[in-house]
Amino acid sequence: MINAVIDWLLECFGDEIRTIHELKTWPANFEPLLAKTKRAEVRRNDRDFQTGDWLLLREWDPATQTYTGRQAFREITHIQPGGAFGLPEDLCVLSVA
33 MINAVIDWLL ECFGDEIRTI HELKTWPANF EPLLAKTKRA EVRRNDRDFQ
83 TGDWLLLREW DPATQTYTGR QAFREITHIQ PGGAFGLPED LCVLSVA
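Following the working numbering, the numbering of the sequence shown begins with 33 at its first residue and continues without gaps.
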């Protein structure tokens, strides 16, 4: 299922997409992401995130250690790297639309 969604996204947006990062998201963070009240992700900066990349956020249930099947796509619109404003060096804040 995930590969079909990624194929569709690439077909629709083609050259506009540099990279798609697939990430686990716990339910407490996933719900406001779906409602679009949460517009940022704090993540370990270990994937060479770039403005214009897309996130495939898959809801993960830590109690059952399984994916719930819900997912969302968000585009990275801004990156605040770590090392400033009290943010540890190894983290970043990804603004998403």
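Think of the CB as a built atom: it goes at the ideal place given N, C-alpha and C, for glycine as much as any other residue.
Because the structure is a prediction, the values reported are computed rather than measured.
- The C-beta separation of Q82 from T57 comes to about 20 Å, leaving the pair out of contact by the 8 Å criterion.
- W86 counts as buried, since no fewer than 16 other beta carbons sit within 10 angstroms of its beta carbon.
- Look at the beta carbons and you see the segment 86-95 touching the segment 104-115: at least three pairs across the two are nearer than 8 Å.
- Counting only the Cα atoms, Y99 lies some 6 Å from E91.
- When the Cα atoms are used, W40 and L66 turn out to be separated by approximately 20 Å.
- Taking the Cα positions, D78 is about 11 Å away from P113.
- Straight-line measurement puts the Cα of D80 at about 18 Å from the Cα of A116.
- Each of V125, A129 and L55 was checked against the Cα of D93, and the nearest Cα belongs to L55.
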